[in-house]
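For the record, the sequence lines run as chains A and B. Residues 1 to 326 in the UniProt record's numbering are what the first sequence lists, from first letter to last. Residues 1 to 437 in the UniProt record's numbering are what the second sequence lists, from first letter to last. Notes to accompany the following structure.
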Amino acid sequence: MSTDTTKSPQAAPVVPPAGTASVKQRPAHGHGRLLTRRDRITLGLMAGVPTILHVALVWLTALASIALAFTSWDGIGFDSIKWVGLHNYTELFTNNPQFWPAVEHNVIWFVVLIVLPTPFGLFLAVQLDKKIRFSRVYQTAFFLPVVMSLAVIGFVWQLVYNPDTGLINSLIGANKPGHYIDWIGDPDLNLWAILVAASWRHAGYMMILYLAGLKSVDPSLREASALDGANEWQTFKNVIFPTLRPTNTVVLVVTIIEALRAFDLVFVFNKGAQGTELLSILVTNNIIGESSRIGYGSAIAVVLLVISLAVIIPYLIATFRKERRA
Amino acid sequence: MHDLSPSGLSLTAPSRRTLLRGVGGAALLGAGIPLLSACGGSGTAADPKTVSLGSNSSDAVPKKAYAEIYATFTKKSGIKVDVNTKDHNTFQEQINSYLQGTPDDVFTWFAGYRMQFFASKKLATPIDDVWQKIGGNFPEAMKKLSKGEDGKYYFVPLYTYPWAVFYRKSVFAQHGYQVPTTWDDFVALCKRMQKDGLVPIAFGDKDAWPAMGTFDQINFRTNGYDFHVELMAGKASWTDPKVRKVFDHWTEILPYHQEGAVGRTWQDAAQTLVSKKAGMYLLGTFVGQQFTNKADLDDLDFFAFPAIDPQFGQDTVEAPTDGFMLSKAPKNHEGAIKLMEYLGTPEAEQIYLKADSSVVAASTKADTSSYTALQKKSFEMISGAKSLTQFMDRDSRPDFTSTVMQPALQNFIRNPKNVDSILSSIERQKKTIFASA
Chain A
1 MSTDTTKSPQ AAPVVPPAGT ASVKQRPAHG HGRLLTRRDR ITLGLMAGVP
51 TILHVALVWL TALASIALAF TSWDGIGFDS IKWVGLHNYT ELFTNNPQFW
101 PAVEHNVIWF VVLIVLPTPF GLFLAVQLDK KIRFSRVYQT AFFLPVVMSL
151 AVIGFVWQLV YNPDTGLINS LIGANKPGHY IDWIGDPDLN LWAILVAASW
201 RHAGYMMILY LAGLKSVDPS LREASALDGA NEWQTFKNVI FPTLRPTNTV
251 VLVVTIIEAL RAFDLVFVFN KGAQGTELLS ILVTNNIIGE SSRIGYGSAI
301 AVVLLVISLA VIIPYLIATF RKERRA
Chain B
1 MHDLSPSGLS LTAPSRRTLL RGVGGAALLG AGIPLLSACG GSGTAADPKT
51 VSLGSNSSDA VPKKAYAEIY ATFTKKSGIK VDVNTKDHNT FQEQINSYLQ
101 GTPDDVFTWF AGYRMQFFAS KKLATPIDDV WQKIGGNFPE AMKKLSKGED
151 GKYYFVPLYT YPWAVFYRKS VFAQHGYQVP TTWDDFVALC KRMQKDGLVP
201 IAFGDKDAWP AMGTFDQINF RTNGYDFHVE LMAGKASWTD PKVRKVFDHW
251 TEILPYHQEG AVGRTWQDAA QTLVSKKAGM YLLGTFVGQQ FTNKADLDDL
301 DFFAFPAIDP QFGQDTVEAP TDGFMLSKAP KNHEGAIKLM EYLGTPEAEQ
351 IYLKADSSVV AASTKADTSS YTALQKKSFE MISGAKSLTQ FMDRDSRPDF
401 TSTVMQPALQ NFIRNPKNVD SILSSIERQK KTIFASA
């Protein structure tokens, strides 16, 4: 239950040791001339290699996507790239019957995650924080879905929802002609069916984040509010929850990211058929596979990028402003 | 996520040493990249005794069948075949980058538009020299399927199989049903089956391609082969009243299809035919793979999709054909040619068919004496056809069929009343896709 629950890509520098370039600890005091040549090389490598990787794998590819979004390209040979201006976007906004439903589903995905499993995860965390017996067992049980791959979760739930032989329809007798419930194919049902699976996983994730936050609440705060005669709900509402503010920010960001990158579950479930279209799936269907509409798919990816930026940038600005003040 | 630290997660500041390890890891990553790019080729550069072959036959039965063909070839010619098998779907999805990278000398692929596309992109080598030797083994229809748009040969067909309406002989005998040959008979039979408590037509379109098979059948029965080809090539319009007529016919039989099709896989739909709950099922002969019990398989039979317009009758058969192509710059050109010549012989086909009895040989010269009853019928159906089609996603642009047609047909199955808006949406999207060629 440490940093690895946050899934931050930067949080995993634990790789096999590479040689024994042990650098002696010396007080550098921030002056360049106090660094030996070796220090400088080490620093250069330490800053340079990640920068090169970052620029090559993140910035260049993102910029290439943005550029390709204005072209039409089948992915075969660079000479077949054709400049088409804004055509991909007009096509996307006016002619693609799947685009607007996809945007809508991404939004629904976010709203559902924030309204249902997130408070439920908080509820679980509060209960588990009370040092009840077998707390670890419960923690593990609720956290287990997060450890499992989303593709596996999709596969399992798909078996549960299978209209002919699945658990639900077999139990309620809805697999006979006339009373059929098509959980996977019916566009009025399938998104909600998948969201149950997604929420099942998300609640465990939120529980762990909140549990970590709760562990850091100063016990003296609880004591003080108990002395003031506050009951449990009052303590939670007026003392504990306000101290969880940093955790709430993380939870919000994580949930937004989850909603935007939702893909694997749906792809395994029904490949994003009508009712479950998502932006990420449209990108994949257009770019990967034989279809290779790389320009068009890039345009969808750019839309996804713009939405992510619109959400993340205000958050980063707020964070930096806070840091500067501190 | 350093924001976590205020909330008390044990976030130890990374020491200098762990950072160094990180750098080492990154360096390792960098070293890994050339390794990755080396995965495409098989690395047997100019060995005249080896031909490399990229294969999509990842299922156990065909994989073994292919292996036997290559073993016999090696015995005959002394040339080793180095097979690089990939998962069927993965192979298909990566084909663009695979063929542009360092592909194997020979690769498995499909006849029709999908072959011609790579030929016109110069990602395949013409093999007219191979066809000089094997030309006599194949009927005219197969020759047509093996040529690129430039009239040169690019493809060696190995096997083929027809799409048809499958049924159980015992079920038809029990209820006294007759095989329908006209549309009216077919609709009447559906009605009777429904009255008898059967699902008239089993259907599962979760994978989104089976519905394209239904469309193909109704279209070339209603409008004929020539219009079908024009429509697939993006020349005819989807808002043409002829297309509308296809969907009207489809709407007429849609109520007799199995409910909830969009959530069901073809395998599950086939199971309703296995358990005799369904009367008929329109699919390729591979439906037989779901009949694991020998007695059930012997009870399985099929008939050609009924005629709709008497002008066209039942003259067109949908018969997807699989085979081999030669990549753009084969390392062992001579050996690859020899391999392809062998793959075009009736002998190679017979070895394959011995292991996989759901398909038939593409060559008319192959020995049919060991065929099962279903194979014999398939063979007759295909050799008696005036025209052969492949399948919608093999006869048209894959980007069009996968991103436009698959969702559109799923939408139609659920909302047949929206057919006009669906068709005009297809036409609008088609125009952009085919214009971008």
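Built from N, CA and C at the ideal position, the CB exists for glycine as well.
C-alpha distance - residue i paired with residue j, whole-angstrom precision
{"i": "A:V303", "j": "B:T285", "result": "43 Å"}
{"i": "B:K198", "j": "B:F166", "result": "It is worth fixing the name first, because residue 198 of chain B is Leu in this sequence and not Lys. Taking the straight line joining both Cα atoms gives about 14 Å."}
{"i": "B:G204", "j": "A:N162", "result": "12 Å"}
{"i": "B:G221", "j": "B:E252", "result": "Note on identity: in this sequence residue 221 of chain B is Arg, with Gly being the wrong assignment. Cα to Cα, the separation comes out at about 15 Å."}
{"i": "B:D216", "j": "B:D82", "result": "38 Å"}
{"i": "B:K122", "j": "B:W109", "result": "15 Å"}
{"i": "residue 441 of chain B", "j": "B:F186", "result": "This structure cannot speak to residue 441 of chain B, because chain B is shown only from 1 to 437."}
{"i": "A:I281", "j": "B:T372", "result": "43 Å"}
{"i": "A:L244", "j": "A:Y210", "result": "8 Å"}
{"i": "residue 412 of chain A", "j": "A:T71", "result": "Any question about residue 412 of chain A goes unanswered here, given that chain A covers just 1 to 326."}
{"i": "residue 400 of chain A", "j": "A:F120", "result": "Because chain A is modelled from 1 through 326, residue 400 of chain A falls outside the range shown and cannot be assessed."}
{"i": "B:S424", "j": "B:W209", "result": "21 Å"}
{"i": "A:R321", "j": "A:V58", "result": "25 Å"}
{"i": "B:A45", "j": "B:T85", "result": "Confidence at B:A45 is low in this model, with a pLDDT of 49, below 50, so its placement is unreliable and no value can be given for it."}
{"i": "B:A141", "j": "B:A307", "result": "21 Å"}
{"i": "A:A318", "j": "A:G44", "result": "31 Å"}
{"i": "B:K80", "j": "A:A67", "result": "46 Å"}
{"i": "A:R136", "j": "A:A151", "result": "26 Å"}
{"i": "B:P103", "j": "B:P200", "result": "46 Å"}
Contact with chain B by residue i, beta-carbon distance below 7 Å
{"i": "A:S292", "result": "yes"}
{"i": "A:L166", "result": "Sequence check: residue 166 of chain A is Gly here, not Leu. Chain B contact via Cβ: absent."}
{"i": "A:G75", "result": "yes"}
{"i": "A:P163", "result": "yes"}
{"i": "A:R26", "result": "Residue placement at A:R26 is poorly supported in this model, since its pLDDT is 49, which falls under 50; the coordinates still yield a value, given next. Output row for A:R26: interface = no."}
{"i": "A:R91", "result": "According to the sequence provided, residue 91 of chain A is Glu. The question's Arg does not apply to it. So, interface residue."}
{"i": "A:Y138", "result": "no"}
{"i": "A:Y180", "result": "yes"}
{"i": "A:R325", "result": "no"}
Per-residue contacts from residue i into chain A (C-beta, under 8 Å)
{"i": "B:I95", "result": "E290"}
{"i": "B:R428", "result": "N95"}
{"i": "B:S425", "result": "N95 and P97"}
Residue nearest to residue i in terms of C-alpha spacing, selected from the options
{"i": "B:S170", "options": "B:D296, B:P48, B:T432 and B:D59", "result": "B:D296"}
{"i": "A:I256", "options": "A:F78, A:R40 and A:T118", "result": "A:T118"}
{"i": "A:L260", "options": "A:L211, A:I108 and A:D129", "result": "A:I108"}
{"i": "A:L214", "options": "A:F236, A:A226 and A:S199", "result": "A:F236"}
{"i": "B:W131", "options": "B:Q429, B:D356, B:A355 and B:I337", "result": "B:I337"}
{"i": "B:Q258", "options": "B:Y281, B:R244 and B:K242", "result": "B:Y281"}
{"i": "B:Y98", "options": "B:S146, B:I308, B:A329 and B:Y161", "result": "B:A329"}
{"i": "A:A62", "options": "A:I181, A:I300, A:W192 and A:L316", "result": "A:I300"}
{"i": "B:V156", "options": "B:A361, B:S387, B:D207 and B:Q314", "result": "B:A361"}
{"i": "B:Y256", "options": "B:T85, B:R244, B:G279 and B:D240", "result": "B:G279"}
{"i": "B:Q375", "options": "B:P48, B:K152, B:P162 and B:G136", "result": "B:P162"}
{"i": "B:R264", "options": "B:Q350, B:I433 and B:A202", "result": "B:A202"}
{"i": "A:V283", "options": "A:Q127, A:I194, A:S65 and A:L116", "result": "A:S65"}
{"i": "A:F143", "options": "A:A310, A:Y205 and A:F93", "result": "A:Y205"}
{"i": "B:R244", "options": "B:F73, B:F138 and B:F412", "result": "B:F412"}
{"i": "B:A65", "options": "B:D420, B:R114 and B:E347", "result": "B:E347"}
Chain-ordered neighbours of residue i on chain B, where CB pairs are closer than 7 Å
{"i": "A:Q98", "result": "P407"}
{"i": "A:L184", "result": "Residue identity differs from the one stated: residue 184 of chain A is Ile in this sequence, not Leu. Simply K206 and G263."}
Beta-carbon neighbours of residue i, restricted to chain B and to distances below 8 Å
{"i": "A:Q274", "result": "V262, P407, Q410, N411 and R414"}
{"i": "A:P187", "result": "R414"}
Closer than 7 Å to chain A by CB, residue i
{"i": "B:S402", "result": "yes"}
{"i": "B:D216", "result": "no"}
{"i": "B:T108", "result": "no"}
{"i": "B:E259", "result": "yes"}
{"i": "B:T432", "result": "yes"}
{"i": "B:L9", "result": "Confidence at B:L9 is low in this model, with a pLDDT of 35, below 50, so its placement is unreliable and no value can be given for it."}
Within chain A, partners of residue i - CB distance below 7 Å
{"i": "B:V199", "result": "P177"}
{"i": "B:K121", "result": "I76"}
Proximal chain A residues relative to residue i, where beta-carbon distance stays under 9 Å
{"i": "B:D268", "result": "N162, P163, D164 and T165"}
{"i": "B:D399", "result": "D74, N286, G289, E290, S291, S292, R293 and Y296"}
Residue i Cβ short of 6 Å to the ligand FAD heavy atom set
{"i": "A:N88", "result": "Absent from the structure shown: the ligand FAD. Ligands present: none."}
- Item | Within the region 132-171 of chain B, ranges of the beta strand (DSSP E) (whole runs, at least 3 residues) | Complete beta strand (DSSP E) runs here, min 3: 155-160 and 163-168.
- Message: Restricting to runs no shorter than 4 residues, where is the alpha helix (DSSP H) found entirely within the region 221-293 of chain A?
- Response: Those alpha helix (DSSP H) runs which fall completely within the region 221-293 of chain A and span 4+ residues are 232-235, 245-261, 264-270 and 279-287.
- Query: Going along the chain, which unbroken runs of the alpha helix (DSSP H) with 4 or more residues stay wholly within the region 363-393 of chain B?
  - Reply: Inside the region 363-393 of chain B, DSSP marks whole alpha helix (DSSP H) runs of 4 or more residues at positions 373-383, from first to last along the chain.
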